Amino acid sequence: MLDNFSNSTPAVIDRLAQIIGRPVRWHEGDIRDAAALDKIFAELSVSAVLHFAGLKAVTESIDRPIDYFDVNVHGSIALMKAMQRAGCKTLVFSSSATVYGPEQPMPVGEGAPCSVSNPYGRTKLVVEDLLYELGRADPEWRIATLRYFNPTGAHPSGLIGESPIGTPSNLMPLVCQVAAGLRPCVQIFGDDYPSPDGTGVRDFVHVMDLAEGHVAALDYLTRNQANILVNLGTGQGTSVLEVIRTFERVNGQRVPFEVVARRAADIGISYADASLAWELLGWAAKRGIDDMCRDAWRWQCANRA
Ligand code: WQD
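Using full-length UniProt numbering, you'd call the opening residue of the sequence shown number 1 and step up by one each time.
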């Protein structure tokens, strides 16, 4: 594992070791540092890379486009060049459903038109396009691009989970902080969307399902000379209010909320056509909103979020 800990902490390493039952081999370093990457590839015989290293907050990206392109695009290019130098050409890339434009017919499939409205989404699309061209230029590359919908929840052990620095922008960490009494209430951004209760709808997918999706993608690449792009979502839409009500039910905690105006650039309804992941990878999400609420709350109660 390589991490510059810009949005994490080395304390995670011991907890990871607890979870997998053996030491984690890790390096502190930056994906943009070619020498650091070459050193790792020289030390280890790396057969494949799972690339998660990136900045991922949409609203933050609007104020920091240079940082987002530097880390997400330049960093990905530095990684691919290091992999090429080391002769390692199997890559799983973390992309995002943010690349799909607004007002798509639902469920949204991989062939839907992409149109990005923020620097974060643009960096993901640029890297996707680069990976497509790389696969065409050099068929020795085996690439799986995974478009995450809304990653949610935490490891069931309560040892690792989402730990946003500062004010969370995503819904579930905010719900957890309100339930923990750290914030007064959840502000629901609009209840005039075309959904059963009027609040926004998303395809929330448990991070453990996402992790299993990566293993399935890696297995696929070890068996197929391929360059694939796949949605990782449940195929189910859940509204903001449903998340809050589910959280209250499964955790026995009140989550006060107030409805406010829509958030700029929010889309109303988004959920995946997840059929290609099943056809290609034999992967489908197994966990539901109940599990995400329970596991997120357990992580929050461990005072780590
Ligand atoms: C979910 C729903 C909000 C907070 C973002 C990124 C995307 C991906 C996931 C990286 C929406 C509503 C939220 C709040 C609310 N990240 N909401 N009050 O915007 O779907 O996607 O995170 O890939 O790239 O765009 O996630 O969790 O911010 O919002 O009502 O305080 O919850 O309006 O309907 P989003 P989110």
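A virtual CB, placed ideally from N, CA and C, is assigned to each residue, including glycine. All figures in this text were calculated on a predicted structure; none of them were measured in a lab.
**Request:** Would you mind sorting methionine 1 into buried or exposed? The rule is 16 or more other CB atoms within 10 Å of its CB.
**Result:** Taking the first residue of the sequence shown as position 1, residue 1 is located at position 1. Within 10 angstroms of the beta-carbon of methionine 1 lie fewer than 16 other beta-carbons, which makes it exposed.
**Request:** Can you say whether glutamine 147 is buried or exposed, counting buried as having 16 or more other CB atoms within 10 angstroms of its CB?
**Result:** Counting from one through the sequence shown, the residue named residue 147 turns up at place 147. Note that residue 147 is arginine in the sequence shown, not glutamine. Label assigned to arginine 147: buried.
**Request:** Could you round the C-beta distance between isoleucine 143 and phenylalanine 93 to whole angstroms and report it? I think they count as a contact, below 8 Å.
**Result:** By one-based count along the sequence shown, residue 143 stands at place 143. By one-based count along the sequence shown, residue 93 stands at place 93. A Cβ-Cβ separation of about 7 Å places isoleucine 143 in contact with phenylalanine 93 under the 8 Å criterion.
**Message:** Using a 10 Å radius around the Cβ and a threshold of 16 neighbouring Cβ atoms, would you call alanine 265 buried or exposed?
**Reply:** The sequence position of residue 265 within the sequence shown is 265, counting from 1. Taking every protein chain shown into account, the CB of alanine 265 has fewer than 16 other CB atoms within 10 angstroms, so this residue is exposed.
**Asked** Where does phenylalanine 52 land, buried or exposed, given buried means 16+ other C-beta within 10 angstroms?
**Response** Sequence index remark: in the sequence shown, residue 52 carries index 52 (1-based). Looking at its Cβ environment, which holds fewer than 16 other Cβ atoms inside 10 Å, phenylalanine 52 is exposed.
**Prompt:** In whole angstroms, what is the alpha-carbon distance linking residue 308 and aspartate 67?
**Reply:** Shown here, the chain extends from 1 to 305; a query on residue 308 therefore has no answer.
**Asked** Between glycine 120 and the ligand WQD, is the CB less than 8 Å from at least one heavy atom?
**Response** As a first step, residue 120 must be located in the sequence shown, where it is residue number 120. Reading off the sequence, residue 120 comes out as tyrosine, not glycine. Yes, Cβ of tyrosine 120 sits closer than 8 Å to a heavy atom of the ligand WQD.
**Request:** To the nearest angstrom, report how far apart methionine 172 and aspartate 30 are at their CA atoms.
**Result:** Within the sequence shown, the letter at position 172 stands for residue 172. Within the sequence shown, the letter at position 30 stands for residue 30. The straight-line gap from Cα to Cα measures roughly 28 Å.
**Message:** Alpha carbons only, please: which of Cys293, Ala112 and Tyr132 is nearest the one belonging to threonine 152?
**Reply:** If you number the sequence shown from 1, residue 152 lands on position 152. Of the candidates Cys293, Ala112 and Tyr132, the one whose C-alpha sits nearest the C-alpha of threonine 152 is Cys293.
**Asked** Under the DSSP definition of a beta bridge, which residues are partnered with cysteine 114?
**Response** Taking the sequence shown and counting its residues from 1, the one referred to as residue 114 is at position 114. In the DSSP output, where bridge partners are listed per residue, cysteine 114 has Tyr100.
**Message:** According to DSSP, tyrosine 220 sits in a beta bridge with which residue or residues?
**Reply:** Indexing the sequence shown from 1 puts residue 220 at position 220. Partner(s): none; tyrosine 220 has no beta bridge.
**Message:** Checking 9 Å against the spacing of the C-beta atoms, do leucine 55 and asparagine 7 come in under that value?
**Reply:** Within the sequence shown, numbered from 1, the residue matching residue 55 stands at position 55. Within the sequence shown, numbered from 1, the residue matching residue 7 stands at position 7. Yes; because the gap between Cβ atoms is below 9 Å, this pair is in contact.
**Own chain, CB closer than 6 Å to glycine 121, minus 5 neighbours either side, in chain order** = Here residue 121 is taken as the residue at index 121 of the sequence shown, counted from 1. Contacts found: Thr98 and Val99.
**Asked** Roughly how many whole angstroms lie between the Cα atoms of leucine 281 and glycine 161?
**Response** Position 281 of the sequence shown, counted from the start, is the residue given in the question as residue 281. Position 161 of the sequence shown, counted from the start, is the residue given in the question as residue 161. The alpha-carbon separation between leucine 281 and glycine 161 amounts to approximately 25 Å.
**glycine 200 versus glycine 190: straight-line alpha-carbon distance, rounded** = If you number the sequence shown from 1, residue 200 lands on position 200. If you number the sequence shown from 1, residue 190 lands on position 190. Spanning the alpha carbons of glycine 200 and glycine 190 requires a straight line of approximately 7 Å.
**Item:** Option in Leu134, Ala302 and Met83 with minimal Cα separation from alanine 34
**Value:** Taking the first residue of the sequence shown as 1, we reach residue 34 at position 34. Checking every option, the nearest Cα to that of alanine 34 belongs to Met83.
**Prompt:** Would DSSP call asparagine 170 helix, strand or coil?
**Reply:** Along the sequence shown, read from residue 1 onward, the residue named residue 170 stands at position 170. Secondary structure of asparagine 170 (DSSP, three-state): coil.
**Message:** Less than 9 Å between the C-beta atoms of glutamate 110 and valine 186, yes or no?
**Reply:** For this step, residue 110 is matched to residue 110 along the sequence shown. For this step, residue 186 is matched to residue 186 along the sequence shown. Taking 9 Å as the Cβ cut-off, glutamate 110 and valine 186 do not qualify as a contacting pair.
**Message:** I'd like to confirm something about methionine 106: is its beta-carbon nearer than 8 Å to some heavy atom of the ligand WQD, or not?
**Reply:** Along the sequence shown, one-based indexing puts residue 106 at 106. Every heavy atom of the ligand WQD is 8 Å or more from the Cβ of methionine 106, so no.
**Item:** Proximity test, proline 151 beta-carbon vs the ligand WQD heavy atom, cut-off 8 Å
**Value:** By one-based count along the sequence shown, residue 151 stands at place 151. At a threshold of 8 Å, proline 151 counts as near the ligand WQD, since its beta carbon sits closer than that to one of the ligand's heavy atoms.
**Asked** Taking buried to mean at least 16 other C-beta atoms within 10 Å of its own C-beta, is threonine 222 buried or exposed?
**Response** Numbered from 1 along the sequence shown, position 222 holds the residue referred to as residue 222. Residue environment for threonine 222: exposed (fewer than 16 other C-beta atoms within 10 angstroms of its C-beta).
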